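Trainee: What follows is a single structure, and I will ask about it in a moment.
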Amino acid sequence: MKAQPKASHFVNGAYVEDSAGAVIEVIYPATGEVIARLREATPAVVEAALAAAHAAQKAWGQTRPVERARILRRAADLIRDRNADLSWLETLDTGKPLQETTVADWPSGADALEFFAGLAPSVTGETVPLGRDFVYTLREPLGVCVGIGAWNYPSQIACWKAAPALAMGNAMVFKPSEVTPLGALQLAEILVEAGLPAGLFNVVQGRGAVGGALVTDPRVAKVSLTGSVPTGRRVYAAAADGVRHVTMELGGKSPLIIFDDADLESAVGAAMLGNFYSAGQVCSNGTRVFVQRGIKDRFLARLAERTAAITLGDPLDMATQMGPLVSAAQCDKVMGYVETAKAEGARLICGGALGADLAGCFVQPTVFADVTDTMTLAREEVFGPVMAVLDFADEEEAVTRANATEFGLAAGVFTADLTRAHRVVAALEAGTCWINAYNLTPVEGPFGGSKLSGVGRENGKAAVEHYTQIKSVYVGMGPVDSPY
Ligand code: NDP
C-alpha cells in the first residue's frame, strides 16, 4: 500500500520538497507497513511558508467576506465529492476504521468550512453613540496564524483551524503531527483548487522543533494547538513571549455520570462511544464513568455483553468497528496503563489484551470496574480503548469526585430527571458538557476546555473571537475641547 504525496510540504500554493530535511516515515498502523516517506521542514521551508503567509494575508484580509466564503464553500463541496478517497487516506494515516473516517473526519472538516463560510459575511462591528461623537468598532483579522495538530483527528483538526482562520481573513501555516502528516496536504491542495490565493494556507511537516520555530516567529499573531497538556504548556509559554493570541485544545480525563434512573441502553451506548470510538483516541472521552450503585451491576453486565461484540480488525473493511491504535508507541503506552490498572487492583471486566491474531497495534476494547479515584487509571489520560468504571452513592458525591481533577475538557450526565441534569451540568467544571448524549461535537457548538484542558474555543460563533481582534475607532464630530 502506498500513499506517497507529491511532496512533503505545501507552500505558497504549491508542493515543495527540501531533501535536506530529516526523513519522516508514515506507517499504516494496521500492518506496520511504511506507506510514505516525507521530509521534515528545514529552516528554509519554514521561512518560505511564513513569508508566503505574511505576504498573502493583507489582501485576503481586505477581500469581501462573501468572496472568502464562496471559496471555502467550494472547498467544502470538493471534500464531500472526494470523501471516499480522502477517508481511505485518513484510514491509512491513522488506522481508524473506514466506517468512522467516512462519516466523522473529513465530513466534519467540510462542515467547518461551510459553517465559517456562512458566518463570515455576518461578522460586523458596532456603533456606540456618544451624543455628538461616536465610537465604531471593526473586527479585524489577526494576521498570520499557526496551527499545530495532534494525530487523532488530523484532517478534522486542520479544517477546524483553517476554516475560521481563513473565513476571518487570516493566513495560516499548519504543522500536522509527524505521525499523521498526509491529510493536511490534501486540504491545502483542495483549498487552492477552490480558488484560495497562494500563500494563505501552508503546510510544513516536522516534529516539535518545527512547531517551536513557527510559534516564536515575530510575524506570527496567533497559535492554535491541539495536543497534550505538557506540549500545551510549552507552546503557550513560547507564544507568551511575543504576547500572541492562543487557542489551546488539550487533554482531559472527563467524567460521565450515570444515575440510577438513566435509560440503560443509551447510557451503555454513550459510555462505549465515549471510550471506544477511534480506539479511544479522543480528547473529550468520558474515561471516568461514574455509575450510581443501584444500576451498576446491570450496567456492567450489558456493557460487557455489548463490548464483547465489537468487531476489531482490518480498518479498510467497512464492517470493522475498531482499528489499531495510531502507533506502536501508543500501543505500548496503553498496554502499560492496562497492566498498572491490574496491579493497582481494578477489576477487569473484559478486554485487557492485545488484539489476538492481528499484526498491527491493536488493543482489545477494555473495561475495568471498581476503579477508585486514586488509581492511575482514574487520574491520567490513557488515549486508548480503556474504560474506567467507578461507582457512587449520591449526586453530591458524584459531582465532587468528577471535579477532583486538574483537567476540565468535557463531562456528561445521564438521568431521566431533567432538573438534576441541569443542576449537575451547572456544577461540573468542564468546557463542553452533554446531557443524555456524549461526544457529539457539531461545528455549530463551541468546543474547548477549562482548567488545564485549554483556553479559547473552537467552532461555533465563539471561534470568531479567537481569530479576530477589535479595533475601536473614536470619531470626533466637533472642535477639540482642550484645557491647554
Ligand atoms: P502532542 O502534545 O505530543 O503533540 C501535539 C502537536 O504539537 C504535534 O504536532 C507535535 O509535533 C507538536 N509539538 C510538540 N512539541 C512542540 C513544541 N515544543 N512546539 C510546538 N509544537 C510542538 O500530542 P499528540 O499528537 O500526542 O496528541 C494527543 C494529545 O492531544 C492528547 O493529550 C489529547 O488529549 C490531545 N488532544 C486534544 C484535543 C482537544 O481538542 N482538546 C483533540 C485531540 C487531541 P510532533 O507530534 O511532530 O512531535
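Terminal number for the sequence shown in full-length UniProt numbering: 484, no gaps in between. Just so it is clear, CB atoms sit at the ideal spot from N, CA and C, and this is done for glycine as well. Since we're looking at a predicted model, the values are computed, not measured.
1) Going by C-alpha to C-alpha distance, which of A421, H422, Q469 and L390 sits closest to R293?
2) Is it buried or exposed, L122, if we count other Cβ atoms within 10 angstroms and call 16 or more buried?
3) I need the straight-line Cα distance from L335 to V282, nearest angstrom please.
4) Using CA coordinates, which residue listed in G280, A198, E47 and A411 is at the minimum distance from V204?
5) Examine the ligand NDP and report whether any of its heavy atoms sits within less than 8 Å of the Cβ of T307.
6) Taking the C-alpha atoms as reference points, what is the distance between A167 and A69?
7) Return the CA-CA distance between R64 and P97, expressed in angstroms with no decimal places.
8) Cβ of V46 within 8 Å of any heavy atom in the ligand NDP?
9) Just curious, the alpha helix (DSSP H) that T94 is in, first and last residue?
10) Would you mind working out which of E344, V480 and V464 sits nearest E140, comparing C-alpha positions?
11) Is W151 closer than 9 Å to V382 when the C-beta atoms are compared?
12) Identify which residue in T137, P181 and Y136 has its Cα closest to the Cα of A158.
13) Where do the N-terminal and C-terminal ends of the alpha helix (DSSP H) with V215 fall, by residue?
14) Are there 16 or more other CB atoms within 10 angstroms of the CB of R132, so buried, or fewer, so exposed?
15) Report back the beta-carbon spacing between A163 and G199 to the nearest angstrom; my notes put them in contact at under 8 Å.
16) Sorry if obvious, but does the Cβ on T226 come closer than 8 Å to a heavy atom of the ligand NDP?
17) Under 8 Å from any heavy atom of the ligand NDP, does the C-beta of K175 make it?
18) In the structure shown, what three-state DSSP assignment does D133 receive?
19) Between the C-alpha atoms of L187 and L300, what's the straight-line distance to the nearest angstrom?
20) So what does DSSP say about Q99, is it helix, strand or coil?
Mentor: In short, the structure shows the following:
1) Per the C-alpha coordinates, the member of A421, H422, Q469 and L390 positioned closest to R293 is L390.
2) The question names Leu, yet the displayed sequence has Ser at residue 122. By the 10 Å Cβ count, S122 comes out exposed.
3) According to the sequence displayed, residue 335 carries Met and not Leu. Looking at the two C-alpha atoms, the distance is approximately 17 Å.
4) The candidate whose alpha carbon is nearest that of V204 is E47.
5) No; taking the cut-off as 8 Å, the Cβ of T307 has no heavy atom of the ligand NDP nearer than that.
6) Taken atom to atom, the span from the alpha-carbon of A167 to that of A69 is near 6 Å.
7) Distance from the CA atom of R64 to the CA atom of P97, rounded to whole angstroms, is 40 Å.
8) Result no, Cβ not under 8 Å from the ligand NDP.
9) Going by DSSP, T94 is part of the alpha helix (DSSP H) stretching over N83 to T94.
10) Ranking E344, V480 and V464 by CA distance to the CA of E140 puts V464 first.
11) Going by C-beta atoms, V382 is not nearer than 9 Å to W151.
12) Nearest Cα to A158 within the set T137, P181 and Y136: P181.
13) G208 to V215 is the extent of the alpha helix (DSSP H) around V215.
14) Counting Cβ neighbours within 10 Å, R132 comes out exposed, since fewer than 16 surround it.
15) 17 Å between Cβ atoms; not a contact.
16) Yes, the ligand NDP has a heavy atom inside 8 Å of this Cβ.
17) Flag set: Cβ of K175 near the ligand NDP.
18) Looking at D133 - three-state DSSP - the assignment turns out to be strand.
19) Those two C-alpha atoms are separated by around 42 Å.
20) It is helical.
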